[in-house]
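Taking it in order: structure first as structure tokens, then the write-up.
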Amino acid sequence: MKRQLDIVILSDLHLGTYSCHARELFLYLSSIDPKTLILNGDILDVWQFKKRYFPRQHMEIIQLIIKMALSGTKVYYITGNHDDVLRRFTDMSMGKISLRDKLVLQLKGERYWIFHGDVFDARQWVSPLLNFFGKRGYDLLLRYNRWNNQLRKRRGKEIKSISRSIKSSVGKAQFFIQKFEQKVIELATEQEYDYVICGHIHQPVIKEVNTEGHKLTYMNAGDWVENLTALEYRHDQWTLYRYDELDYHLDNPKLRVPHKPSFEPKDLLNELMESDTDTSLTSLEQKPAEE
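Counting in the numbering used here, the sequence shown tops out at residue 637, every number present.
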């Protein structure tokens, strides 16, 4: 039974790269039935197409999204920096699939501003060469991380995200994330939006901020490279979904009821035989009826 959702927002799938968790993403998409699916940038990684790496699992995700659109789901594809080649086709629609640079929605009387967020990434403009080598190192780190986690799973150990640990410990990375969020929040507040939703920095979050009396909710859908997250809207409430392998197991240990061994009559008899005879017999005797 698929989960019925009003809106699902995904970003930074990076289809066409070794770091994309295509299997997990396919399982997630197969488990939901959203009225609206918003793909918020870096869905296809056009930068990596020269590697000639686009496995069948990645193609199956594209086919599944098209199938969802044919079944009635409204799909918005918002372009990012890794699929910016598609920006020349902005505002094009094919049936239930629409290509956009950004999206402005009105939902329950509140205004939403949805875009990828790469326009605030100064590295794209300051030094393309530095950005390239930084990305190459990042890709290698992600590939090593996947290989390392496969070994950990075989040994029964918990999987870890090395790149996430590095980001949280390196001050420069944290500074960049904070500046990115601050800039997005400032602009959204100036334009009096109630919600602003981004991707790009691979940092899933839902948080409320209050600037000069204006309440704004900032959300980031995360990614399917490190965090495996999505934003879900149902019953007028936003939640941050995090992929859990156990949710897709037929035999889920989280739902398993502990088995209690049955208590046989012979076990009771053996206990009585081993215990003190007088005490046991007394405990089994019926009380005399009251006169």
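In this text, a Cβ means the ideal position worked out from N, Cα and C, and glycines have one as well.
Inter-residue spacing [alpha-carbon to alpha-carbon] between residue i and residue j
i	j	result
V431	L390	10 Å
T436	N556	33 Å
R500	P550	28 Å
G463	G545	6 Å
I353	A576	10 Å
L385	G502	34 Å
L614	E591	Residue placement at L614 cannot be trusted, given a pLDDT of 48 that sits under 50; what the coordinates show is reported in the next sentence. If you take the alpha carbons of L614 and E591, they lie about 43 Å apart.
L375	K525	32 Å
E536	I552	20 Å
W296	E538	Nothing in the structure corresponds to residue 296, since the chain is present only between 347 and 637.
M347	I378	9 Å
F372	V530	30 Å
E406	L361	11 Å
H325	N427	This structure cannot settle anything about residue 325, because the visible part of the chain is limited to 347 through 637.
I523	L383	26 Å
N566	H367	18 Å
Y399	L359	15 Å
I443	I411	9 Å
P380	S357	16 Å
For residue i, three-class secondary structure by DSSP
i	result
Y594	helix
T425	coil
K454	coil
S444	strand
Q583	strand
I460	strand
L449	strand
T535	helix
L359	coil
R500	helix
D540	coil
Residue range of the unbroken beta strand (DSSP E) whose run includes residue i
i	result
F435	Here F435 belongs to no beta strand (DSSP E), and DSSP marks it neither H nor E.
L383	I378 to N386
I547	Where I547 is concerned, there is no enclosing beta strand (DSSP E), given that its DSSP letter is neither H nor E.
R349	R349 to L356
Terminal residues of the alpha helix (DSSP H) in which residue i lies
i	result
M663	Nothing can be reported for residue 663, as the shown portion of the chain is limited to 347 through 637.
K413	R402 to L416
Per DSSP, cross-strand counterpart(s) of residue i
i	result
E370	In the DSSP output, where bridge partners are listed per residue, E370 has none listed.
T557	H560
R588	T575
K420	T382
S439	S444
Q390	Here residue 390 turns out to be Leu, not Gln, going by the sequence shown. For L390, which the question treats as bridged, DSSP gives the partners L361.
Touch check for the segment 404-416 and the segment 450-460: three-plus C-beta pairs under 8 Å?
By the criterion of at least three beta-carbon pairs nearer than 8 Å, the segment 404-416 is not in contact with the segment 450-460.
Inter-stretch contact at 8 Å, needing at least 3 Cβ pairs: the segment 571-587 / the segment 554-562
Short answer: they don't touch.
Under 8 Å: do the segment 422-429 and the segment 567-582 share three or more Cβ pairs, one atom per stretch?
Too few Cβ pairs lie closer than 8 Å, so no.
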